[in-house]
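Taking it in order: structure first as structure tokens, then the write-up.
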Amino acid sequence: MNAEQQDPASGAAAEPSTLFDKIWRRHLVTEPEPGIPATLYIDLHLLHEVTSPQAFSEIERRGLEVRCPGRAVATMDHSTPTLPGVGRSGLRVLDPRGADQLDRLETNCERHGIPLFALDDERQGIVHVIGPELGLTQPGMTIVCGDSHTSTHGAFGALAFGIGSSEVTHVLATQCLLQKRPRTLEVHVEGSLQKGATAKDLILAIIGRLGIDGGTGHVIEYTGQAIRELDMEGRMTVCNMSIEAGARAGLVEPDETTFAYLEGRPYAPQAWQEALASWRELSTDPGAIFDRRIVLDASTIEPMITWGTNPGMSMPVSGTIPSAATVDPQSLPTMEKAWTYMAVQPGEALLGRAIDVVFIGSCTNSRLSDLEAAAQVMQGRQVASGVEMLVVPGSQAVRREAEALGLHEVFLAAGAQWREAGCSMCLAMNGDRLAPGQLAVSTTNRNFEGRQGPGGRTILASPLTAAASAVAGHVADPRELL
Amino acid sequence: MAPRFQSLSSCMVPLLIDDVDTDQIIPAEYLKIIGREGLAEGLFAEWRRDPECVLHRDVFRDAQVLLAGDNFGCGSSREHAPWALLDYGFRAVLSPCFADIFRINALRNGLLAVAIDRPLHRQLADIVEADPCAEITIDLKSSTLTLPDGTGVDFEVDPFARRCLLEGIDQLGYLLRQAEQIADYESRHPPWTDSRQPKVLSS
Ligand code: SF4
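Chain order of the listed sequences is A and B. Going letter by letter, the first sequence gives residues 0 to 481 in numbering that gives the first Met the number 0. Going letter by letter, the second sequence gives residues 0 to 202 in numbering that gives the first Met the number 0.
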């Protein structure tokens, strides 16, 4: 019997445990007591320029040290420009306040000995893209970042969640967090995804089913055939959007797909065999009980789009917007606000709706396979006139790999823009943004009011659907082009 | 200084929209700061462009309580959201349920996020509608919310957050005092990887 299967208190054989339970227990510095949260040890702390400056200031104000610089990594992504050459040319940012944040991050990391992947570093990119691709993200870890999409890293069977800046201070100073034990939710996806339906469509369908607060207070574990069949990038897309269902973390049990992805990455463990042996123990035991469980059938999932102002307001690309009659009267004010903001009518379809912008990027869909999917659709085709298309790789490494495959040539030949790595138009704080009233199909994760620019309107979709829409000039079903 | 909360009496600003995300509470444009001051300007910045916005109503000028809809504070983990609400003058938010990260961030900063049941939420909405000046009292020590007619209703907040706010306990100080247990944990769990020492880049 190994340590994972023993109850730490009694030494007796324990109840079957979930993957979450195993990671949670292994990281308890102190057990939770009634009225007192647990002290949870954090293995990896990711930092970026927007949510860290206040935390570093607090460290300095109190005269504290960063406890484990070797468990932290920082990158620049949110407020960085993506116009070709701008970032690396030393111009840094078009906005002096954004530049201040980058300077501050540089000073803070230097002072505290934390590795920083700045704009001129070939490892730079969106924090949730570079952690996995560098091999920093590993199974069984606890991972935090001052960013809600930290849930992405759960694709590796790590317990990864977003925190606020106060908690960033706690982790910098103590490498620990005070945490209440969350509940567990199993999202079991049977069957296989059909042609044209991707990980993005799957997670949009899951959020549609759970509702955008359906996962609140829970950690999700995604199980079932459709999840096992996803590659690591697909699993990251799914876990990334766990937070859009309210769950701070989403997990996938690590398997051979996970290990094959990690092997040989720059920060993969030197003691590979030893690490592998311990990772193989990370699974939910047969008979383990989740607090809640839902089941979906992947084979019925179509390409999905959102029609409203949160990721739960979604439908199949060929579907119709819910009408007033089908809406719970209590949520009517919220729905009316969404219809008005999006300038849509209840009951109508969006297929064929003219669009202004297509954005391929963000920590949800900016990895190599996402760009390959978009390029597959764009190959030999043109972006429709009147549509602006941005393709923004998630990291400099993705950019290099895509260029080695010639993907950038496909995009450029089609009339799209090929940008430097960063968050770009996923959030409006780096110069890339929608103009008021513009309608975009985006591969991002949030269609909140103004998220991509004040007054801008967002339809969330997969890279396939976004690319098909760019070619058509209106919301389009990608299956017709595959 | 650790934030404290004892009690307050105030009228309530009704913002009865569900799923208000932190991008609405404080748009990304206002996150380009390295401190945490002056965020009131960005609070609900887009919604406040509308002269009809409820926050512009004179009666609510000194309001300290926000009566919010379901799932308040969903989306981004930006702690700027509670900072902005506090900077604007709010001390408490009442909602049937909060998004996890927002609730944690709010309580850490002394913004009392109180989840209340739906019937009470509806009752409070009715009270504001009938009389926008109606005041309620929120007392953390007794964990009671007193309605304008004097009725007291119990509420619950996370017991540890409650204790910290009442006694002014500094949570970072609390963690720092566990240094010995943390060091002991670390000696038993050496890391596989040091972020300062990568192998050669794969590309
Ligand atoms: S890509 Fe978008 S969602 Fe992801 S970290 Fe950047 S801003 Fe956040």
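Positions of the beta carbon are idealized from the N, C-alpha and C atoms, including for glycine.
Would DSSP call Glu402/A helix, strand or coil?
helix
Taking Ser6/B as the query, report the chain A residues whose CB atoms sit under 9 Å from its CB, ordered along the chain.
Result: empty, since nearest Cβ-Cβ is about 21 Å, beyond 9 Å.
Among Gly130/A, Ala98/A and Thr236/A, which has the Cα closest to the Cα of Lys31/B?
Here the closest residue by C-alpha is Ala98/A.
Assuming Arg187/B is part of the alpha helix (DSSP H), what are its boundary residues?
Per DSSP, Arg187/B belongs to the alpha helix (DSSP H) from Ala178 to Arg187.
What residues from the region 173-197 of chain B come within 9 Å of chain A, judged by C-beta to C-beta, listed N to C?
Within the region 173-197 of chain B, the qualifying residues are Tyr173, Leu174, Leu175, Gln177, Ala178, Gln180, Ile181, Asp183, Tyr184, Glu185, His188, Pro190, Trp191, Thr192, Asp193, Ser194, Arg195, Gln196 and Pro197.
Listed in chain order, which residues of the region 13-47 of chain B have Cβ atoms closer than 8 Å to some Cβ of chain C?
Within the model displayed, chain C is absent; protein chains A and B are what it includes.
For a test of the three-state rule: what should DSSP assign to Ala8/A, helix, strand or coil?
Here the model assigns Ala8/A a pLDDT of 45, short of 50, so the residue's position is not dependable, and the following value carries that caveat. Three-state DSSP puts Ala8/A in coil, outside helix and strand.
Partners in chain B for Asn446/A, counting only beta-carbon separations shorter than 7 Å
Those do not exist, as Asn446/A stays about 10 Å from chain B at its closest Cβ, beyond 7 Å.
With a threshold of 16 other CB atoms inside 10 Å of the CB of Ile288/A, please say whether the residue is buried or exposed.
exposed
Would you kindly check if the distance between the Cβ of Leu123/B and the Cβ of Leu66/B is under 7 Å?
Going by beta carbons, Leu66/B and Leu123/B fall inside the 7 Å limit.
DSSP bridge partner residues for Ser441/A (one or two, in chain order)
Phe358/A and Leu459/A
From this set, Pro477/A, Leu27/A, Gly134/A and Pro131/A, which residue's C-alpha is nearest Val316/A's C-alpha?
Pro477/A
Cβ of Arg107/B less than 7 Å from any chain A Cβ?
Yes - at least one Cβ of chain A is within 7 Å of the one on Arg107/B.
Whole beta strand (DSSP E) runs in the region 201-236 of chain A with 3 or more residues, listed along the chain?
The region 201-236 of chain A is shown to contain whole beta strand (DSSP E) runs of 3 or more residues at 217-222, in chain order.
Is the Cβ of Tyr221/A closer than 7 Å to any Cβ of chain B?
no
Okay, do the region 205-221 of chain A and the region 232-247 of chain A touch, 3+ Cβ pairs below 8 Å being the bar?
Taking a cut-off of 8 Å on C-beta distances, the region 205-221 of chain A touches the region 232-247 of chain A, as three or more cross pairs fall below it.
Quick check on Leu171/B - is its C-beta less than 7 Å from some C-beta in chain A?
yes
Which of the three DSSP states is assigned to Gln163/B in this structure?
Reading the sequence as shown, one finds Cys at residue 163/B and not Gln. In the displayed model, Cys163/B falls within a helix according to three-state DSSP.
Taking DSSP as the reference, what is the three-state secondary structure of Met0/A?
Its pLDDT being 30, under 50, Met0/A is placed unreliably in this model, and the coordinates cannot settle the point.
Measure from the C-beta of Ile100/B to each C-beta in chain A and report whether the shortest distance is under 7 Å.
yes
Compare the beta carbon distance of Phe71/B and Val156/B with 7 Å and say whether it is the shorter of the two.
no
Ala467/A by DSSP, collapsed to three states: which one?
helix
Quick check on DSSP: helix, strand or coil for Gln137/A?
coil
Using the rule of at least 16 other Cβ atoms within 10 Å of the residue's Cβ for burial, across every protein chain shown, is Lys21/A buried or exposed?
Under this definition Lys21/A is a buried residue.
Rounded distance between the beta-carbons of Ala73/A and Leu489/A, thought under 8 Å
Residue 489/A lies beyond the stretch modelled for chain A, which goes from 0 to 481, so this question has no answer here.
Could you tell me whether the Cβ atoms of Phe159/B and Ser142/B are closer together than 7 Å?
no
Answer with yes or no whether the minimum CB distance from Thr106/A to chain B is below 7 Å.
no
In the DSSP assignment, find the unbroken beta strand (DSSP E) run with Val188/A in it and report its ends.
Unbroken beta strand (DSSP E) run through Val188/A: Arg182 to Glu189.
Determine, for Thr457/A, whether the minimum Cβ-Cβ distance to residues of chain B falls below 7 Å.
no
Step through the CB atoms of chain B and report whether any lies within less than 7 Å of the CB of Gly69/A.
yes
If I follow the unbroken beta strand (DSSP E) through Val390/A, where does it start and stop?
Glu387 to Val390
Can a CB atom of chain A be found closer than 7 Å to the CB of Ser76/B?
yes
Under the assumption that Pro265/A contacts Pro197/B (Cβ atoms under 8 Å), give the Cβ distance between them as a whole number of angstroms.
4 Å
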